[in-house]
Amino acid sequence: MKKEEILERSRKENQNGDEREKMQIQISENRGFTVTAFMAAFLMLIGSGDVFLFGKSIPFNILMSFIFISGVTVDFYSKYKFFRKKKYLVRFLFSLLLVLAVFIKFVFESQ
1 MKKEEILERS RKENQNGDER EKMQIQISEN RGFTVTAFMA AFLMLIGSGD
51 VFLFGKSIPF NILMSFIFIS GVTVDFYSKY KFFRKKKYLV RFLFSLLLVL
101 AVFIKFVFES Q
């Protein structure tokens, strides 16, 4: 291969960022999610009062639980899609059931 061909191929492969850059972005996003998850968990523990959503009153801790569990569900689903491991599928299904339970509780309890 000629030098120009190698350089052109390298430019095409790195057009959307090199591997190190992509890994750093992924690590940053993971850290951001972790901080958000801990903040949501903390707010669930100390939070009180009601939030009015779509004309319905919902307890603050229930709303934060829904947000937290939704994030965890997306995380497990993404890991299952990438790695195809049963443990992520089981965790995804369990967390999806929790999301649905919180949603159903909100819909039927606030009527």
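1 is the number of the first residue of the sequence shown in the UniProt record's numbering; add one for each residue after it.
Each residue gets a CB set at the ideal place from its N, CA and C atoms; glycine is no exception.
Small disclaimer: the values here were computed from a predicted structure and weren't measured.
Check whether residue i and residue j have beta carbons under 8 Å apart
i, j, result
"SER95", "ILE69", "yes"
"TYR80", "PHE92", "yes"
Per-residue DSSP class, three states only, for residue i
i, result
"LYS2", "coil"
"PHE54", "coil"
Cβ neighbour criterion (16 or more within 10 Å) applied to residue i
i, result
"PHE106", "buried"
"ILE58", "buried"
"MET23", "exposed"
"MET1", "exposed"
Contact the stretch 74-89 vs the stretch 38-53: 3+ CB pairs below 8 Å:
no
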